[in-house]
Each structure stands twice: as structure tokens, then as C-alpha cells.
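K.L.:
Residue numbers for the sequence shown follow the working numbering, beginning at 31 and rising by one. So that we are looking at the same thing, I have put the structure below in C-alpha cells.
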Amino acid sequence: MHLFAAFYSRYVITGLILAYALAEIPLLAVRGNMARGLYLFQRACWFAFMTVSYLTLFDGKGDPFVLGLWGIECSVMIAAMLLYDYGWGRQGHSLLLNNVIMLFSAGLVMIARIDPAKSLKQFLIGAAALVVFDLLPFGRKILAGMKGFWPVYGLLGTLGLAGVYLLGHMVNGANLNFTIAGFTFQPSELIKILYILFMASCFAGEMRHGELYIAAFLSLLQVGILVLSRDLGTAMIFFMIFVMMVLAATRKFRYAFLLLLAGAGGAFACWMVFPHIRSRFAVFLDPWSDINGMGYQITQALFGISYGGLFGAGLGQGMPTTIPFVESDFMFAAICEEMGIIAGCGLLLICLFTFLDMIFLSERIESLFLSYFVFGSAVCFIFQTFTTVGGEVGFIPLTGVTMPLVSYGGSSILSTIIMFGMVSSAYILDSVRREEREGARVPAGPAGPLPGREPYRDPGTEEMSLDDIEDGYWSHA
Numbered sequence: 031m032h033l034f035a036a037f038y039s040r041y042v043i044t045g046l047i048l049a050y051a052l053a054e055i056p057l058l059a060v061r062g063n064m065a066r067g068l069y070l071f072q073r074a075c076w077f078a079f080m081t082v083s084y085l086t087l088f089d090g091k092g093d094p095f096v097l098g099l100w101g102i103e104c105s106v107m108i109a110a111m112l113l114y115d116y117g118w119g120r121q122g123h124s125l126l127l128n129n130v131i132m133l134f135s136a137g138l139v140m141i142a143r144i145d146p147a148k149s150l151k152q153f154l155i156g157a158a159a160l161v162v163f164d165l166l167p168f169g170r171k172i173l174a175g176m177k178g179f180w181p182v183y184g185l186l187g188t189l190g191l192a193g194v195y196l197l198g199h200m201v202n203g204a205n206l207n208f209t210i211a212g213f214t215f216q217p218s219e220l221i222k223i224l225y226i227l228f229m230a231s232c233f234a235g236e237m238r239h240g241e242l243y244i245a246a247f248l249s250l251l252q253v254g255i256l257v258l259s260r261d262l263g264t265a266m267i268f269f270m271i272f273v274m275m276v277l278a279a280t281r282k283f284r285y286a287f288l289l290l291l292a293g294a295g296g297a298f299a300c301w302m303v304f305p306h307i308r309s310r311f312a313v314f315l316d317p318w319s320d321i322n323g324m325g326y327q328i329t330q331a332l333f334g335i336s337y338g339g340l341f342g343a344g345l346g347q348g349m350p351t352t353i354p355f356v357e358s359d360f361m362f363a364a365i366c367e368e369m370g371i372i373a374g375c376g377l378l379l380i381c382l383f384t385f386l387d388m389i390f391l392s393e394r395i396e397s398l399f400l401s402y403f404v405f406g407s408a409v410c411f412i413f414q415t416f417t418t419v420g421g422e423v424g425f426i427p428l429t430g431v432t433m434p435l436v437s438y439g440g441s442s443i444l445s446t447i448i449m450f451g452m453v454s455s456a457y458i459l460d461s462v463r464r465e466e467r468e469g470a471r472v473p474a475g476p477a478g479p480l481p482g483r484e485p486y487r488d489p490g491t492e493e494m495s496l497d498d499i500e501d502g503y504w505s506h507a
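Here is the structure:
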């Protein structure tokens, strides 16, 4: 009976994930009643996905604890959705919350299949973060007033990373974590938010040349500390945030190109200095040459993905636990093995549409500081996803970073949901300001990129007024 349920449920799971993902396409453009209908359709797909997945796991495990997980997770997430809708209504951005919950739920299902106790722990941390997500818009005016504190963000981020480098304990060859009173957390995950605030504050404010050099030094210093800590995956994410935000602020591709060249030189220097980087690169080039040693993790992941095929082996029918650190480092491979490559691609589509949605929001928001923050958050999310999935499928060398919202890791879940909550707050603040100015309510959903933005004005060549600093350099026609 279990084999029958697992065999047929995989097609249902694939269909539900794809239906949810494809509903994103019109939601990137439409608003009003049609958008609200699509939001409800997505939530119906999510609930059906959770129900089918946990019923399949219960049928295989026969453990009532699994049904308890389904009940408490669905109840809390439905409550989070309803509270968000009730609190912010048409001013809110339900698509963002829907995507957070769908990706989070996919990870919870896979973790529950591997270790139900870890799934509960992950859920409790995520539930606390969802409460923060719902409440953060109450402090939206505080968020808008945070743009002038770039020295604070830069120094706090630098000191935090330096503290981890000096006092943190080693995890798989890198200084990553602190352990206090039995609780382990990874400060670099939360410092990512500080780093994005730091970059947004720098580019949105009026800075003299000396201050700009100090800001660039602090930014690259944080990347350097991460390299010394051997947390190279996070260092790459910080560096790409820096490059893309420089590009967004200056609109000059030559700056981004020069920075990427400098980054390539730094990567080569790391390859020369750190033996474990050379080992990872060798495994990337030919994992089969050391299949029982350094290449064991990636080869097992590739075996699992190929074994699952298009529709997966079925929940509980694969062998994801043969991959070391599968919950934290190889969740995408585990999902493809048991839910199928099509379902895995569906989750990647949700990630891609979430990124595009945030890019459109950054174009819509009038405040330059908040616009840059949303843009930096989008870059952080999509590049971390690319780094994780690319390493799992052998497209790039392994970096050891988690897949946002999906992989097991309390610090990652907490920081990612809080970051999305700040993006939601920025959207709501912009919507409220438009209502106050125009005297009309703003329809729900993203407006997409709006025409009429003026190009970036170099503060070195044009004088800026206080109105420019307050309202941003861009205006709408």
C-alpha cells in the first residue's frame, strides 16, 4: 500500500509545485481581483502539497508525530497568512509571503522525511521568524530612517565577522559558528542583512570621496575576513552583492567588469594559498577520480538526482541519507531524488520569480535607500540559490552554503525570513506614502517596473539637494 501511495503521490506533488510556480507569471504583472484570486490559488496548491506530502510520509513511517507536524505547521502558516492579510490588506504584498511559505514548506517536508525531530526544530525557528515578518511593517518608518548610519553598519559587520574568525569554532574546515548555552548560530547569516543595509545606505546618501573610500574599504574588509575564515561561499555572496549594487548605483558596466576581474584575481590567490580550495576544485573537475574520498559527497548527490528521474522515486523511497550533510548542504539533490527533477525545477522557478518580483519592487519604490535595500536582498537571495544548486549539480565547485528557506539551518531561516520581512515593510511603506499623496488606495500586487526613471546622477558631477537625498535620485514621469 505504501509503495502504491508513494508512486502516485509523486505525480500529484509535481503537479502542485508546477501549478503554484506557473501562477507566478501573471502575478508579476496583474493586480486587483485577479491577483487576489491567484494568491488564493497558490495557497490552495500549497495546502494540497503539504497534505499529500505528509500523508505519504505517514503512510510510510506509520508515525503519528508526522501527522502532528502537518497539523501544527499548516495551522501556524495559515495563521501567518491570515494575519498578514488582515493587518496589511491591499497595502501588503501577499506574493512575497506566499513564496516564503512555499519554499519553507518544501524544505520542511524533505527534512521531516529524513529526520522529523529536525523538521520540528526548523519549523519552530521559522515560525518565530514568520511572526517577525508579520510585525515588521509596524516599524516601517524606522526602516526608512536607517539610511544615514552606514558607518555603524560597516563597523558592526566587520567586528562581528572578526569575532567569528577569532572566537568561532571550526565546521568542515571553516570558522563559521558560535555556541552559547548549547545554541549554535552562524553570525554571517545575520550580518548579510547588515551588509545590505550598509551598501544601500552608502549609495543612497551624499558621501564625500574620503567617506566613499572608507566605505569601500570596510566592504572589502568584510569579504577578506570571510576569506580568512575560509567561509568562501559567504564571501562570494558578499562580493556579488557589492558588485551588483555598484552596477545598480552607477549604471556603468566597466566598474562591475573591473571588480569581477579583481574578484577573479582574488579567487586565484585563494586557490594558491588554501589547499582545501585546490582539493574542492579538483573534485569539481573530476569527482569520479576520488569517489570514495573527497568526491563522495558530490557523486552521491549526482547518483540521487539521476535515480529520481523526472518524477522522483517517491517520498520515502530514495536514499538521500547516503549524502553527507544532506539536510544543510544538499537539500536540492534530496528533493530531486524523491520528488523528481521536474519538482526541483519548479522550486527553482519559484526562486527565480521571487527574485524578479523583488527586482520589480526595487524599481517601484521611490525611496532610493529602500530601493537599494530591496535590490541587494534580491541579489543575495538569487546568488545564494545559484551557489548552492550549482554546487550540488556539479556546475560550480561546492561552497557549503545553504539553499535559502529550504535547507536545514536555524540561522539561515531566521535571517532570510527577516530579510524578506524588511522587503515587505519597504513595499508597504511605499504603498502608504503613495496613498497619502494621491488620496487613493494602491491595488494589491507588484506593479512591475515603472517607466520614467531618470538615470543615476553622479554626485561628483552634479549637485544634490536635500530633496534628492530624501526622495531619491529617480523620479516618475
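Every residue, glycine too, gets a C-beta built ideally from N, C-alpha and C. Small disclaimer: the values here were computed from a predicted structure and weren't measured.
Compute the Euclidean distance between the alpha carbons of Pro476 and Ser454, then round it to the nearest angstrom.
P.N.:
Along the sequence shown, one-based indexing puts residue 476 at 446. Along the sequence shown, one-based indexing puts residue 454 at 424. For Pro476, the pLDDT reaches just 46, beneath the cut-off of 50, and the residue's location in the model is therefore unreliable, leaving the point undetermined.
K.L.:
When you compare only the Cα positions, how much space is there between Ala245 and Cys232?
P.N.:
Position 215 of the sequence shown holds residue 245. Position 202 of the sequence shown holds residue 232. Using only the alpha carbons, I get a separation of about 7 Å.
K.L.:
What residue from Leu289, Met361, Glu368 and Leu173 has the CA that sits closest to Gly338's CA?
P.N.:
Along the sequence shown, one-based indexing puts residue 338 at 308. Nearest of Leu289, Met361, Glu368 and Leu173 to Gly338, Cα basis: Glu368.
K.L.:
Report yes if the C-beta distance between Ala187 and Gln252 is below 8 Å; otherwise report no.
P.N.:
The residue you call residue 187 lines up with position 157 of the sequence shown. The residue you call residue 252 lines up with position 222 of the sequence shown. This sequence places Gly at residue 187; Ala is not what is there. Yes.
K.L.:
Specify whether the region 40–53 and the region 371–378 touch according to this definition: at least 3 beta carbon pairs, one from each stretch, less than 8 Å apart.
P.N.:
A contact exists between the region 40–53 and the region 371–378.
K.L.:
Helix, strand or coil: how does DSSP classify Ser358 here?
P.N.:
The residue labelled residue 358 in the question sits at position 328 within the sequence shown. In this structure, Ser358 counts as helix in the three-state DSSP scheme.
K.L.:
Would you be able to state if there are at least three C-beta pairs under 8 Å between the region 83–91 and the region 419–428?
P.N.:
No, the region 419–428 is not in contact with the region 83–91.
K.L.:
Give the straight-line distance between the Cα atoms of Gly119 and Leu113, rounded to the nearest whole angstrom.
P.N.:
In the sequence shown, the residue the question calls residue 119 occupies position 89. In the sequence shown, the residue the question calls residue 113 occupies position 83. Distance between the alpha carbons of Gly119 and Leu113 is about 9 Å.
K.L.:
Consult DSSP for Asp460 and reduce its assignment to one of helix, strand or coil.
P.N.:
Residue mapping note: residue 460 aligns to position 430 of the sequence shown, counting from 1. If DSSP states are grouped into helix, strand and coil, Asp460 belongs with the helices.
K.L.:
Below 8 Å on the Cβ atoms is my contact criterion, and I expect Leu189 with Ala110 to pass it. Report the Cβ-Cβ distance as a whole number of Å.
P.N.:
Numbered from its first residue, the sequence shown carries residue 189 at position 159. Numbered from its first residue, the sequence shown carries residue 110 at position 80. Not a contact, Cβ separation roughly 34 Å.
K.L.:
So what does DSSP say about Val60, is it helix, strand or coil?
P.N.:
In the sequence shown, counting from the first residue as 1, residue 60 sits at position 30. Of the three classes helix, strand and coil, the one that applies to Val60 here is coil, per DSSP.
K.L.:
Is it a yes or a no for the region 257–271 touching the region 294–309, going by three-plus beta-carbon pairs under 8 Å?
P.N.:
Touching, per the Cβ criterion.
K.L.:
Given a threshold of 16 other Cβ atoms within 10 Å of its Cβ, counted over all protein chains shown, does Ala279 qualify as buried or as exposed?
P.N.:
Sequence index remark: in the sequence shown, residue 279 carries index 249 (1-based). Looking at its Cβ environment, which holds 16 or more other Cβ atoms inside 10 Å, Ala279 is buried.
K.L.:
Hey, how far is the Cα of Ser259 from the Cα of Leu196?
P.N.:
Translated into the one-based positions of the sequence shown, residue 259 becomes position 229. Translated into the one-based positions of the sequence shown, residue 196 becomes position 166. Their backbone Cα atoms lie some 9 Å apart in a straight line.
K.L.:
Comparing alpha-carbon positions, which option in Gly370, Arg464 and Ile144 lies nearest Arg394?
P.N.:
Numbered from 1 along the sequence shown, position 364 holds the residue referred to as residue 394. With distances taken between Cα atoms, Arg394 lies closest to Arg464.
K.L.:
My guess is that Ile372 and Leu398 are in contact by the Cβ rule of under 8 Å, so how many angstroms apart are they, rounded?
P.N.:
The sequence position of residue 372 within the sequence shown is 342, counting from 1. The sequence position of residue 398 within the sequence shown is 368, counting from 1. No, Ile372 and Leu398 are not in contact; Cβ-Cβ is about 41 Å, not under 8 Å.
K.L.:
Which residues in the same chain have their Cβ closer than 8 Å to the Cβ of Tyr38, if we skip the five residues on either side of it in sequence?
P.N.:
Position 8 of the sequence shown holds residue 38. Around Tyr38: no qualifying Cβ.
K.L.:
Determine, using beta-carbon pairs with one atom in the region 92–106 and one in the region 399–407, whether at least three such pairs fall under 8 Å.
P.N.:
Contact fails: fewer than three Cβ-Cβ distances are below 8 Å.
K.L.:
Is His123 buried or exposed, if buried means 16 or more other CB atoms sit within 10 Å of its CB?
P.N.:
Numbered from its first residue, the sequence shown carries residue 123 at position 93. It is buried - the Cβ of His123 has at least 16 other Cβ atoms within 10 Å.
K.L.:
Pick out whichever of Glu241, Ile448 and Phe383 has its Cα sitting closest to the Cα of Leu58.
P.N.:
Within the sequence shown, numbered from 1, the residue matching residue 58 stands at position 28. For the residues Glu241, Ile448 and Phe383, the minimum Cα distance to Leu58 belongs to Phe383.
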